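Here is the structure we will look at, set down as structure tokens.
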Amino acid sequence: MTDLQAIADRVEIEALRGEFTDAGVMHDYDRFASLFTHDGARMPHIPVEFVGREEIRAAVGRLQGHWEYFVQTVHPGTIRIEGDTAVGRAYIAEFGRMRDGSSHLNYSLYHDRYRRTQDGRQFTERLYEIGYLDTTPLAGSAPHPAPGSVRES
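Numbering of the sequence shown is given in the UniProt record's numbering, commencing with residue 1 and proceeding in unit increments.
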């Protein structure tokens with residue numbers, strides 16, 4: 001890969017995927033929604049689909065409210081650049097405990113579509129696919145955030 005624009009696009013897309021995870025884990029739902037395009041942004045999760053920034057913002061806040069704690073990590077996948085659009089996959093590890101006491105550990109992947117906009121690369125679609133799921137109760141706990149951290153209430 002010698003095309004500097006292709007290298008820049010890949011770096012920007014990896015940063016976008018990292019921002020998605022960080023915004024979700026940090027409960028920054030406005031930033032989370034801003035990572036999607038205005039027109040036709042989709043983030044389908046079985047069995048519902050969220051279309052557009054407003055729906056995505058409201059849904060992620062509602063869904064995160066069910067978690068006592070939630071951790072997601074993103075791992076590099078594929079990226080195929082097609083001019084101002086691109087497609088790719090990102091590999092995800094997630095775990096956490098719901099407020100009802102149930103636990104969730106999974107290894108998943110996102111099938112993504114991206115578009116270059118005046119604000120940089122953004123998602124036009126994220127399709128979520130769970131590859132492994134374990135609902136065995138998690139024995140750990142969520143310690144309090146560090147003083148002065150963004151997550152401190």
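Beta carbons: idealized from backbone N, C-alpha and C, even for Gly.
Bear in mind that the values here come from a model prediction, so they are computed numbers and not experimental data.
Within 10 angstroms of its Cβ, does Gln-122 collect 16 or more other Cβ (buried), or is it exposed? Answer is buried; the Cβ neighbour count reaches 16.
I believe Thr-37 touches Thr-124 by the beta-carbon criterion, under 8 Å. Please report the beta-carbon distance rounded to the nearest angstrom. 5 Å
In the DSSP output, what is Gln-122 paired with across the bridge? Looking at the DSSP assignment, Gln-122 forms a beta bridge with Arg-115.
Buried or exposed by the 16-neighbour rule on C-beta atoms within 10 Å, applied to Ala-41: buried
Nearest to Pro-145 by alpha carbon, out of Glu-19, Val-25, Leu-63? Val-25
Taking 6 Å as the limit between beta carbons, can you name the residues of its chain near Tyr-107, skipping five residues before and five after? Ala-93, Gly-131, Tyr-132
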